[in-house]
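Take the sequence shown: its position 8, counting from 1, is numbered 312 in this note's numbering, and each next residue is one higher. C-beta atoms are modelled at their ideal positions from N, C-alpha and C, and glycine is treated no differently. Just below is one structure, and these are the notes that go with it.
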Amino acid sequence: MKLDATIAAIVTGGASGLGEATARGLAAAGAKVAIFDMQQDKGEAVAAAIGGLFCKVDVTDEASIDAGLAKARAAHGIERILVNCAGVAPAKRLISKKRDTGELVAHDVASFARGVAINLTGTFAMIARCATAMASLAPLDADGQRGVVVSTASVAAEDGQIGQATYAASKAGVLGMTLPLARDLAQYGVRVCTILPGLFHTPMFDGLPEESRASLAKSVPFPSRLGRADEYARLVLSIVDNDMLNGVGIRLDGAIRLAPR
Ligand SMILES: NC(=O)c1ccc[n+]([C@@H]2O[C@H](COP(=O)([O-])OP(=O)(O)OC[C@H]3O[C@@H](n4cnc5c(N)ncnc54)[C@H](O)[C@@H]3O)[C@@H](O)[C@H]2O)c1
Numbered sequence: 305m306k307l308d309a310t311i312a313a314i315v316t317g318g319a320s321g322l323g324e325a326t327a328r329g330l331a332a333a334g335a336k337v338a339i340f341d342m343q344q345d346k347g348e349a350v351a352a353a354i355g356g357l358f359c360k361v362d363v364t365d366e367a368s369i370d371a372g373l374a375k376a377r378a379a380h381g382i383e384r385i386l387v388n389c390a391g392v393a394p395a396k397r398l399i400s401k402k403r404d405t406g407e408l409v410a411h412d413v414a415s416f417a418r419g420v421a422i423n424l425t426g427t428f429a430m431i432a433r434c435a436t437a438m439a440s441l442a443p444l445d446a447d448g449q450r451g452v453v454v455s456t457a458s459v460a461a462e463d464g465q466i467g468q469a470t471y472a473a474s475k476a477g478v479l480g481m482t483l484p485l486a487r488d489l490a491q492y493g494v495r496v497c498t499i500l501p502g503l504f505h506t507p508m509f510d511g512l513p514e515e516s517r518a519s520l521a522k523s524v525p526f527p528s529r530l531g532r533a534d535e536y537a538r539l540v541l542s543i544v545d546n547d548m549l550n551g552v553g554i555r556l557d558g559a560i561r562l563a564p565r
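Structure, rendered in structure tokens:
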């Protein structure tokens, strides 16, 4: 798909990190960009910087998604591009030990369900609504292409670490639905791809001490550093540009394979 000012894009999680870089990249390439995020101040600042639109949306709340879509479509028309970057990275072992008594305590189900609600169900809810709207649009080319969806899993979808059962399950779900969604949407000319980032330097990493960041960076075979958010954004732009990419998960990870811890 070629980008120009007639193409509307929605980026969830666009207020920060990988989503922010993607919103900036899509806008620089000519698209009209709407940022769906819960961080209002940061989201509005990014939207203002790129001539885009901020919509305060919680992807776990269907009414909130619908209000965001109504606002974005009133300003930009129906989206041709959806990039799902909204997400959280919960970490908790299946069994924890009470400090005072040594009693073993099982992982609660509520926090597992919450992680899945944001990372997986939120991604699904966005795709269901946006792809259905894309299907109503006129095709852009002789192939019949109408839209592109890019979602964000993680290398943890394939090699989740200790304490990552919730995160890995949610991201494996995002990866697992990629091919069936691409098959569902083929007749409507909508492509679906998923990126599995390795270790990327985003605000998530700023909380870590310099020492931990350096040791994480060293664990990447080549290039031996954390990924930069714009490298993620450039892969999104490549997926949008290359019409044969469909139904696939792409690792963007400098050849890292996560060890158990
Ligand atoms: N940074 C990495 O190394 C890395 C690696 C693998 C996967 N990922 C994935 O990439 C995505 C982006 O991560 P990031 O590193 O840019 O993190 P980030 O924290 O900088 O950005 C995530 C954004 O999602 C938003 N968000 C969270 N819950 C939301 C909700 N319910 N509704 C709407 N927005 C919500 C946050 O407000 C935030 O702006 C996440 O899905 C993350 O799991 C990141």
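Check: Minimum C-alpha distance to Gly334 - residue among Arg418, Met305, Asp341; Outcome: Met305
Check: Whole-number beta carbon distance between Ile369 and Met430, since they are thought to touch under 8 Å; Outcome: 7 Å
Check: Inside the region 339 to 395 only - alpha helix (DSSP H) runs reaching at least 4 residues; Outcome: 344 to 354, 366 to 380
Check: heavy atom of ligand 1 below 8 Å from Ala319 C-beta; Outcome: yes
Check: The region 396 to 403 touching the region 330 to 344, judged by at least three CB pairs closer than 8 Å; Outcome: no
Check: Where Pro484 sits in the DSSP three-state scheme; Outcome: helix
Check: 4-residue-minimum alpha helix (DSSP H) runs that sit fully inside the region 475 to 532, ordered along the chain; Outcome: 482 to 489, 507 to 510, 514 to 522
Check: Contact under 9 Å by Cβ, Glu383 with Met342; Outcome: no
Check: Spatial neighbours of Leu322 in its chain, beta-carbon cut-off 8 Å, leaving aside the 5 residues before and after; Outcome: Cys389, Thr456, Pro501, Phe504, Thr506, Ala533, Tyr536, Ala537
Check: Alpha carbon of Lys336 to alpha carbon of Ile314, nearest angstrom; Outcome: 9 Å
Check: N- and C-terminal bounds of the beta strand (DSSP E) containing Thr326; Outcome: Note, Thr326: premise wrong, no beta strand (DSSP E); alpha helix (DSSP H) at 321 to 332.
Check: Distance cut-off 8 Å: Lys475 Cβ against heavy atoms of ligand 1; Outcome: yes
Check: Rounded separation between Ala393 and Ser440 - CA only; Outcome: 35 Å
Check: Whole-angstrom distance between Ala435 and Asp488, CA atom to CA atom; Outcome: 10 Å
Check: Three-pair Cβ contact test at 8 Å for the region 407 to 422 versus the region 445 to 455; Outcome: no
Check: Glu515 to Ile554 span [Cα, whole Å]; Outcome: 29 Å
Check: Pick from Ser458, Met508, Ser542, Ala559 that is closest to Ser528, judged by C-alpha positions; Outcome: Ala559
Check: Buried or exposed (CB count within 10 angstroms, at least 16 for buried), Leu398; Outcome: exposed
Check: CB of Val524 within 9 Å of CB of Val454, strictly; Outcome: no
Check: Rounded C-alpha distance that separates Ala378 from Leu530; Outcome: 38 Å
Check: Between the CA atoms of Gly551 and Val420 - distance to the nearest angstrom; Outcome: 21 Å
Check: N-terminal and C-terminal residue of the beta strand (DSSP E) that Ile554 is part of; Outcome: 552 to 556
Check: Exposure of Thr310, with buried meaning 16 or more beta-carbon neighbours within 10 Å; Outcome: exposed
Check: N- and C-terminal bounds of the alpha helix (DSSP H) containing Thr316; Outcome: Unbroken run through Thr316 is the beta strand (DSSP E), 312 to 316; no alpha helix (DSSP H).
Check: Close Cβ partners of Leu373 (< 7 Å) along its chain, the five nearest in sequence each way excluded; Outcome: Arg433
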